[in-house]
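So the structure is just underneath, and the comments pick up after that.
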Amino acid sequence: MSDTYGGTRWWEYYAVRYLMPSVAGVAIVNWLCSHGNGNLRAILSLPPITERLDAASLLLLFLYGNLFCYVASYPILVFHATRVLDFTADRWLRARSDGYLATIILLVTSFAIARSKWFLLPILVATCFSLLQFYRLYRGLSGHVSLSICKKPVSLVFGYSFALARRRGRSQQITTERSGTNDPANRATSSPETGDDEPERISTLEKKVWHQDFMDTYRHLREHGNSAFIFILELALAALVYEAISLQGLSGERQLSRIAVIFAIWAIPAIFVHLIGQHLERRFSLYDRKVPEKSDLTSTETVLIPTHDVGNRPPARA
Numbered sequence: 003m004s005d006t007y008g009g010t011r012w013w014e015y016y017a018v019r020y021l022m023p024s025v026a027g028v029a030i031v032n033w034l035c036s037h038g039n040g041n042l043r044a045i046l047s048l049p050p051i052t053e054r055l056d057a058a059s060l061l062l063l064f065l066y067g068n069l070f071c072y073v074a075s076y077p078i079l080v081f082h083a084t085r086v087l088d089f090t091a092d093r094w095l096r097a098r099s100d101g102y103l104a105t106i107i108l109l110v111t112s113f114a115i116a117r118s119k120w121f122l123l124p125i126l127v128a129t130c131f132s133l134l135q136f137y138r139l140y141r142g143l144s145g146h147v148s149l150s151i152c153k154k155p156v157s158l159v160f161g162y163s164f165a166l167a168r169r170r171g172r173s174q175q176i177t178t179e180r181s182g183t184n185d186p187a188n189r190a191t192s193s194p195e196t197g198d199d200e201p202e203r204i205s206t207l208e209k210k211v212w213h214q215d216f217m218d219t220y221r222h223l224r225e226h227g228n229s230a231f232i233f234i235l236e237l238a239l240a241a242l243v244y245e246a247i248s249l250q251g252l253s254g255e256r257q258l259s260r261i262a263v264i265f266a267i268w269a270i271p272a273i274f275v276h277l278i279g280q281h282l283e284r285r286f287s288l289y290d291r292k293v294p295e296k297s298d299l300t301s302t303e304t305v306l307i308p309t310h311d312v313g314n315r316p317p318a319r320a
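Written out as structure tokens, the structure is:
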């Protein structure tokens with residue numbers, strides 16, 4: 003693991019974030035399967051609820067729990083990518099698109115409709131939650147901010163990422179000089195152009211230690227908060243899935259298809275986080291400024307002569 007995430011202390015980040023929600027995901031998947039049609043467990047290659055789990059089934063159930071945990075955490079990915087929207091002038095904005103308030107409303111709504119036995123209700127709730135994420139993605143990409151180092155305004159997500167990277171990477175460069183002495187360690191260097199002795203220049207790069215300490219602090223806070231955030235989203239998603247499969251008379255195949263529909267609606271906004279990554283890469287490369295316009299190209303055309311035609315061409319005349 004890179005130094006960005008604490009060197010080899012990977013457990014302080016990924017394990018803290020996903021271990022507890024993964025265990026909770028195992029319990030949730032087992033509970034959902036026990037309330038669904040018995041054929042659902044067979045489709046998932048799990049033994050009946052009355053039988054004891056063997057090692058292979060327990061491992062498979064743990065993988066299902068991890069899958070449920072990761073799917074449930076997708077909205078956090080969107081909220082993290084658009085976190086520039088959450089604060090204005092260093093104050094929590096608490097706007098209509100706030101992801102934290104929306105998650106609490108989602109949790110309460112999901113439990114409120116858990117026994118309505120109407121499949122369209124969980125679909126509607128999941129769709130509204132996804133539309134909120136789409137709105138945040140739109141604002142993050144369409145909103146613009148001016149940076150002193152950029153000639154043109156940039157998107158909010160790029161401006162925030164760029165400013166954060168510069169803040170994290172800022173350092174002090176100290177240049178010291180010492181004259182040449184008889185000591186080989188402090189011997190003056192000779193200029194390749196004049197041959198005269200010049201004082202040796204030593205450049206030292208010193209990082210601001212408090213920057214790293216401050217970053218470690220908010221990363222730890224965010225990772226522990228992520229664990230609780232994922233757990234809440236797991237409960238909300240479990241309630242929506244339970245509402246979709248609790249209707250009596252559904253076959254295992256239909257229950258699985260309903261779960262797939264809810265998972266798809268839940269995960270679609272996270273796809274566009276990939277678009278944000280593409281946008282950051284494209285904007286950072288300054289591709290449009292480096293490629294010349296058609297009007298800047300000269301009218302001179304270069305004619306390529308195939309190799310097999312070179313021998314058949316007549317010699318050039320003087």
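In case it helps, the numbering used here puts the sequence shown at residues 3 to 320. Ideal Cβ positions, reconstructed from N, Cα and C, are used throughout, including at glycine.
{"Check": "Kindly identify the DSSP beta-bridge partner or partners of residue 146.", "Outcome": "157"}
{"Check": "How is residue 121 classed by DSSP in three states: helix, strand or coil?", "Outcome": "coil"}
{"Check": "Quick one, which of 37, 142 and 42 has its alpha-carbon nearest residue 2's?", "Outcome": "Limits of the chain in this structure are 3 at one end and 320 at the other, which puts residue 2 out of reach."}
{"Check": "Can you grab the Cα-Cα spacing for the pair residue 164 / residue 227, in whole Å?", "Outcome": "24 angstroms"}
{"Check": "Please report the distance separating the alpha-carbon of residue 49 from that of residue 102.", "Outcome": "38 angstroms"}
{"Check": "Using a 10 Å radius around the Cβ and a threshold of 16 neighbouring Cβ atoms, would you call residue 27 buried or exposed?", "Outcome": "buried"}
{"Check": "Would you check if the distance between the CB atom of residue 125 and the CB atom of residue 267 is smaller than 9 angstroms?", "Outcome": "yes"}
{"Check": "For the alpha helix (DSSP H) that residue 67 lies in, which residues bound it at each end?", "Outcome": "57-74"}
{"Check": "Select from 106, 157, 170 and 156 the residue whose C-alpha is nearest the C-alpha of residue 217.", "Outcome": "170"}
{"Check": "Give me, in chain order, the residues of the same chain whose beta-carbon lies closer than 7 angstroms to that of residue 76; leave out the 5 immediate sequence neighbours on both sides.", "Outcome": "268, 269 and 272"}
{"Check": "Taking contact to mean 3 or more Cβ pairs, one atom from each stretch, closer than 8 angstroms, check whether the stretch 146-161 and the stretch 275-295 are in contact.", "Outcome": "yes"}
{"Check": "Leaving aside the five residues before and after residue 195 along the sequence, list all residues of the same chain whose C-beta is less than 8 angstroms from its C-beta, in chain order.", "Outcome": "Caution is warranted here: a pLDDT of 41 is assigned to residue 195, below 50, making its placement in the model unreliable, and the coordinate value is therefore given only provisionally. Excluding sequence neighbours, residue 195 sits near nothing in its chain."}
{"Check": "Note down the Cα distance separating residue 19 from residue 141, rounded to an integer number of angstroms.", "Outcome": "27 angstroms"}
{"Check": "Decide if the stretch 232-250 is in contact with the stretch 105-113; the criterion is three or more beta carbon pairs, one per stretch, under 8 angstroms apart.", "Outcome": "yes"}
{"Check": "Closest by CA to residue 120, which one among 247, 225, 253 and 94?", "Outcome": "247"}
{"Check": "Use the C-beta contact count for residue 220: other C-beta atoms within 10 angstroms, 16 or more gives buried, fewer gives exposed.", "Outcome": "exposed"}
{"Check": "Pair every Cβ in the stretch 42-57 with every Cβ in the stretch 80-99, then say whether three or more of these pairs are closer than 8 angstroms.", "Outcome": "no"}
{"Check": "Are residue 32 and residue 62 closer than 9 angstroms when you measure CB to CB?", "Outcome": "no"}
{"Check": "So is residue 293 buried or exposed if we call it buried at 16+ other beta carbons inside 10 Å?", "Outcome": "exposed"}
{"Check": "If I follow the unbroken alpha helix (DSSP H) through residue 322, where does it start and stop?", "Outcome": "This structure gives no information on residue 322, because the portion of the chain shown stretches from 3 to 320."}
{"Check": "Among the residues of its own chain, which have a CB less than 6 angstroms from the CB of residue 66, if the five just before and after it don't count?", "Outcome": "31"}
{"Check": "For the alpha helix (DSSP H) containing residue 23, name the first residue and the last one.", "Outcome": "16-37"}
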